[in-house]
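**Q** Residue numbers (my numbering): 7 to 231. The structure is given below, and queries will be raised subsequently.
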Ligand code: DX5
Ligand code: ZN
């Protein structure tokens, strides 16, 4: 399974966003992680469709949208049209409709002409049993390694065991579902979380510091990507 680094632009300097995106691309990152917060599902508010559209015009990187919003089904089409390549939503944000939202993400192909990847996410206190039933239909499962809502937090160590258990399940079922981790990833723990079974790794503050190019290269080398 391919190891992928997904720099989270939440930690970027928005005065220099285009330049910093070019730097992580030059460093070899294949994905850009795009955190959408609504101030309800999580306490903070970040950015949305207009920002994604501007980025889409300028980059060929895979736009990995992470929707931290209530009732995410309301915005799937909007983000597909704005240029997302993958959309991940939280099972806690609409547990009854999770299966339909995965279908909705896949069916945006009719709208945009391209197949979007569908991801489903669990917060640190939600057991992976809440999403195992979707592992075959989703393309990716995002295991949050911090409470969603803010960048720059410390990874919660117990979440590493969730990644390990999920990887064991996916392998035992013979699935090729990606496992993404998000929050508190640094040069000191990226190899460990990768070894535990995560192959798509989000990093915000560890990338967008005073040297996004060098930090991207370093993190990629630590996961052999
Ligand atoms: C947190 C966001 C993350 C955040 C990670 O709710 O989903 O993507 O940007 O930031 P770091 O890597 O700084 O913990
Ligand atoms: Zn995120």
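Where a beta carbon is used, it is the ideal one built from N, C-alpha and C, also for glycine.
Need the endpoints of the alpha helix (DSSP H) that residue 183 sits in, please.
**A** Per DSSP, residue 183 belongs to no alpha helix (DSSP H) and is neither H nor E.
**Q** Identify, in the order they occur along the chain, each residue of the same chain with its Cβ nearer than 8 Å to the Cβ of residue 129, setting aside the five sequence neighbours on each side.
**A** The answer, listed in chain order, is 96, 98, 150, 153, 154.
**Q** Quick one, are the C-beta atoms of residue 14 and residue 209 less than 8 Å apart?
**A** Against a cut-off of 8 Å, the Cβ pair of residue 209 and residue 14 comes out as a contact.
**Q** For residue 7, which of helix, strand or coil comes out of DSSP?
**A** Looking at residue 7 - three-state DSSP - the assignment turns out to be coil, as it is neither helix nor strand.
**Q** Would you list the residues whose beta-carbon is nearer than 6 Å to any heavy atom of ligand 2, in the order they occur in the chain?
**A** This criterion selects 14, 39, 41, 72, 188, 208.
**Q** For residue 168, count the other beta carbons within 10 Å of its own beta carbon; 16 or more makes it buried, fewer makes it exposed. Which is it?
**A** Looking at its Cβ environment, which holds 16 or more other Cβ atoms inside 10 Å, residue 168 is buried.
**Q** Give me the residue from 225, 184, 199, 191 with the minimum Cα distance to residue 7.
**A** Nearest C-alpha to residue 7: 184.
**Q** Helix or strand or just coil, what does DSSP make of residue 105?
**A** The answer is helix: DSSP assigns residue 105 an H, G or I state.
**Q** Taking residue 37 as the reference, which of 103, 53, 10, 16 has the closest Cα?
**A** Closest by alpha carbon: 10.
**Q** Tell me which residue opens and which closes the alpha helix (DSSP H) that residue 227 is part of.
**A** Taken as a continuous stretch (DSSP letters only), the alpha helix (DSSP H) holding residue 227 covers 218 to 228.
**Q** Thinking C-beta only, is residue 200 closer than 8 Å to residue 229?
**A** Against a cut-off of 8 Å, the Cβ pair of residue 200 and residue 229 comes out as a contact.
**Q** What's the C-alpha gap between residue 172 and residue 134?
**A** Distance between the alpha carbons of residue 172 and residue 134 is about 7 Å.
**Q** To the nearest whole angstrom, what separates the beta carbons of residue 35 and residue 161, a pair I think is in contact under 8 Å?
**A** 20 Å between Cβ atoms; not a contact.
**Q** Leaving out the 5 sequence neighbours to the left and right, which residues in its chain are closer than 8 Å to residue 159 when beta-carbon positions are compared?
**A** Cβ within range, chain order: 152, 153, 189, 190.
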